[in-house]
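Colleague:
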Amino acid sequence: MTEERWLSVDEIAAHLGIKRDTVYSWINERQMPAHKIGRLWKFSRGEVDEWVRSGVRDKGDEIPNPDNS
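Every letter in the sequence shown is one number past the one before it in the numbering used here, and letter 55, counting from 1, is 55.
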């Protein structure tokens, strides 16, 4: 059983194909699953992928599906 490692803002942005500023916006405006550890935001790839698959949308912006990369 392999444990999933936590991803940084830059890593989750690269995974989703978005800019890091968009990650911060989605945390605040769309309740993107994120965990603050001290001053750093960390992400579970599985939680974020599930959040994307759930179809969370706001203001008509499209969230890319990481499975279609």
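All residues carry an ideal CB built from backbone N, CA and C; glycine is no exception. As the structure is a computational prediction, the values presented were derived from the model and not from experiment.
For Glu11, which residues in the same chain have their Cβ closer than 6 angstroms to its Cβ, ignoring the five residues on either side in sequence?
Modeller: Position 11 of the sequence shown, counting from 1, holds the residue named residue 11. Contacts found: none.
Colleague: Consult DSSP for Lys18 and reduce its assignment to one of helix, strand or coil.
Modeller: For the purposes of this step, residue 18 is identified with residue 18 of the sequence shown, where counting begins at 1. Here residue 18 is Ile; the residue named in the question, Lys, does not match the sequence. Coil, per DSSP.
Colleague: If you measure between the beta carbons of Ile27 and Trp6, is that distance less than 8 angstroms?
Modeller: For the purposes of this step, residue 27 is taken as the residue at position 27 of the sequence shown. For the purposes of this step, residue 6 is taken as the residue at position 6 of the sequence shown. No.
Colleague: Mapping the DSSP letters down to three states, classify Trp41 as helix, strand or coil.
Modeller: Along the sequence shown, one-based indexing puts residue 41 at 41. Note: Trp41 maps to strand in three-state DSSP.
Colleague: Identify, in the order they occur along the chain, each residue of the same chain with its Cβ nearer than 8 angstroms to the Cβ of Ser8, setting aside the five sequence neighbours on each side.
Modeller: As a working note, residue 8 is residue 8 in the sequence shown. Result list for Ser8: Leu40, Trp41, Lys42 and Phe43, in chain order.
Colleague: With a threshold of 8 angstroms between beta carbons, is Ile37 in contact with chain B?
Modeller: The displayed structure is made up of one protein chain only, and chain B is not part of it.
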